[in-house]
Amino acid sequence: MTKISWHNLDAKEVVKILKTDAEKGLTEKEVQARQKESGENKLPEEKPLSQLRIFLAQFQSPLIYILIIAGIITLGLKDFTDSIVIFGAVLLNTVVGYFQENKASQALKELKKAVTYGARVIREGNIKIVDSQELVPGDIFILNPGDKVPADGRIIENHNLKTNEMALTGEWLPAKKKSEVLPIETPLADRDNMVYMGTIVEDGKAKAVAAETGSKTEVGKVAEMVKGTKEEKTPYQRKLSNFSKIVGVVIGFISLFIFILGVATGQEFIQIFTTVVAVAVAAIPEGLPVAMTVILALGMQRILKRKGLVRKLLAAETLGSTSVIATDKTTTLTQGKMEVAEIIPLENKK
Numbered sequence: 009m010t011k012i013s014w015h016n017l018d019a020k021e022v023v024k025i026l027k028t029d030a031e032k033g034l035t036e037k038e039v040q041a042r043q044k045e046s047g048e049n050k051l052p053e054e055k056p057l058s059q060l061r062i063f064l065a066q067f068q069s070p071l072i073y074i075l076i077i078a079g080i081i082t083l084g085l086k087d088f089t090d091s092i093v094i095f096g097a098v099l100l101n102t103v104v105g106y107f108q109e110n111k112a113s114q115a116l117k118e119l120k121k122a123v124t125y126g127a128r129v130i131r132e133g134n135i136k137i138v139d140s141q142e143l144v145p146g147d148i149f150i151l152n153p154g155d156k157v158p159a160d161g162r163i164i165e166n167h168n169l170k171t172n173e174m175a176l177t178g179e180w181l182p183a184k185k186k187s188e189v190l191p192i193e194t195p196l197a198d199r200d201n202m203v204y205m206g207t208i209v210e211d212g213k214a215k216a217v218a219a220e221t222g223s224k225t226e227v228g229k230v231a232e233m234v235k236g237t238k239e240e241k242t243p244y245q246r247k248l249s250n251f252s253k254i255v256g257v258v259i260g261f262i263s264l265f266i267f268i269l270g271v272a273t274g275q276e277f278i279q280i281f282t283t284v285v286a287v288a289v290a291a292i293p294e295g296l297p298v299a300m301t302v303i304l305a306l307g308m309q310r311i312l313k314r315k316g317l318v319r320k321l322l323a324a325e326t327l328g329s330t331s332v333i334a335t336d337k338t339t340t341l342t343q344g345k346m347e348v349a350e351i352i353p354l355e356n357k358k
């Protein structure tokens with residue numbers, strides 16, 4: 009499908025292309041049909057992990073793999089005491105990690121539900137407030153001061169509208185809007201006849217027609233790019249992986265040395281094998297994964313007490329390894345606007 013430069017079209021032409029009515033808006037029947045075609049008006053996001061996947065993710069550690077192999081071998085040799093200790097350590101590590109990450113996952117789901125907002129739209133000639141996720145291309149929406157723009161839209165009527173587009177363009181000064189046609193080569197930050205999803209109305213009023221929704225919006229395209237970012241291993245994962253390799257190599261050499269020594273001295277194969285397994289199991293630090301998981305879980309709890317939410321257990325360690333944070337000021341550390349924090353009345357003097 010050919011991309012349409014909405015800013016380069018007259019408002020009436022945009023309304024015509026989107027098959028809507030600037031005064032009456034869409035009918036409920038048209039909205040339902042378009043929702044099936046365009047989907048929900050929300051940003052693309054990764055599918056949340058199921059509880060089973062969160063549980064299985066706790067086993068994704070080289071040291072856990074070594075412990076499981078050691079547990080199976082000791083179980084095969086009927087050394088039940090060592091088997092219970094090893095599998096107990098693996099289970100404890102898994103349970104602690106699972107409950108912490110599942111708790112954070114559920115909290116994030118509730119948080120996402122809480123941040124949904126309403127949009128003022130015109131449908132069948134009536135003004136109504138609907139969930140912003142229900143908007144479709146062709147919906148006519150009204151903007152007032154303080155509103156969050158629900159979709160990328162072409163302005164139809166403008167009454168001194170000013171929007172804060174800091175999150176999209178990086179410019180903290182309010183963008184003064186207009187409804188006139190703009191040249192096709194106009195850059196995003198200068199498309200003053202358009203409003204963009206997620207930006208905030210600071211002043212004025214306007215009526216606009218939704219041109220793009222969901223992942224097709226400008227902020228949706230950014231979200232798609234971020235979504236495709238490859239996840240890197242944390243410092244803890246890299247160190248643990250290297251440590252596990254070293255442990256595996258050392259245990260392998262020691263086991264091979266004991267095996268060769270046993271054969272050279274004429275010992276029975278079963279006795280040699282039992283000795284090798286006993287030494288290998290004894291060399292594995294089965295308490296290390298549990299200790300690290302508990303430490304990271306405590307870190308998550310401390311962050312939570314300071315009103316921070318960590319989705320993954322390993323992220324708590326990554327935060328502790330951070331030496332430099334590169335961030336902008338406006339909307340991250342500050343809001344880019346002045347607000348009255350306290351009113352101190354003056355005493356009446358006669």
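The opening position of the sequence shown corresponds to residue 9 in our numbering, with each subsequent residue numbered one higher. Glycine is no exception: its CB is placed at the ideal position from the N, C-alpha and C atoms.
Check, Outcome
"Starting from residue 302 and walking both ways along the alpha helix (DSSP H), at which residues does that stretch end?", "295-313"
"Can you give me the start and stop residues for the beta strand (DSSP E) that residue 128 sits inside?", "126-131"
"Could you give the distance in angstroms between the alpha-carbon of residue 16 and the alpha-carbon of residue 351?", "47 angstroms"
"May I ask you to list the residues that DSSP assigns as paired with residue 211?", "170"
"If we ignore side chains and look at the alpha-carbon of each, how far apart do residue 80 and residue 91 end up?", "7 angstroms"
"Does the Cβ of residue 333 have 16 or more other Cβ atoms within 10 Å, making it buried, or fewer, making it exposed?", "exposed"
"Which of the three DSSP states is assigned to residue 34 in this structure?", "strand"
"Roughly how far, in whole angstroms, is the beta-carbon of residue 74 from the beta-carbon of residue 252, given that I think they are within contact range, below 8 angstroms?", "6 angstroms"
"With DSSP run on the structure shown, which of helix, strand or coil describes residue 157?", "coil"
"According to the Cβ coordinates, are residue 131 and residue 147 closer than 9 angstroms?", "yes"
"From residue 331 to residue 243, what does the alpha carbon distance come to, in whole angstroms?", "13 angstroms"
"First and last residue of the beta strand (DSSP E) that includes residue 269?", "Note, residue 269: premise wrong, no beta strand (DSSP E); alpha helix (DSSP H) at 243-272."
"Measuring CA to CA, which of 282, 70, 329, 174 is closest to residue 86?", "282"
"Excluding the five sequence neighbours on either side, which residues of its own chain have a C-beta within less than 7 angstroms of the C-beta of residue 14, listed in chain order?", "22, 162, 202, 219"
"Output the boundary residues of the alpha helix (DSSP H) element that contains residue 50.", "Segment: none, residue 50 is in no alpha helix (DSSP H) and carries neither H nor E."
"Between residue 158 and residue 176, which are expected to be in contact by the criterion C-beta below 8 angstroms, what is the C-beta distance as a whole number of angstroms?", "Actually they do not touch by this definition, with Cβ atoms about 14 angstroms apart."
"How long is the line joining the alpha carbons of residue 241 and residue 247, rounded to whole angstroms?", "10 angstroms"
"On the three-state DSSP scale, how would you describe residue 21?", "helix"
"Quick one: residues in its chain with C-beta nearer than 6 angstroms to the C-beta of residue 94, no 5 flanking neighbours on either side, listed in chain order?", "75, 78, 79, 294"
"Run through the segment 179-211 for me and flag every whole beta strand (DSSP E) of 3 or more residues, listed as ranges in chain order.", "none"
"Which whole-angstrom value describes the C-beta separation of residue 261 and residue 284, a residue pair presumed to lie in contact below a C-beta threshold of 8 angstroms?", "So it is not a contact: roughly 12 angstroms between Cβ atoms."
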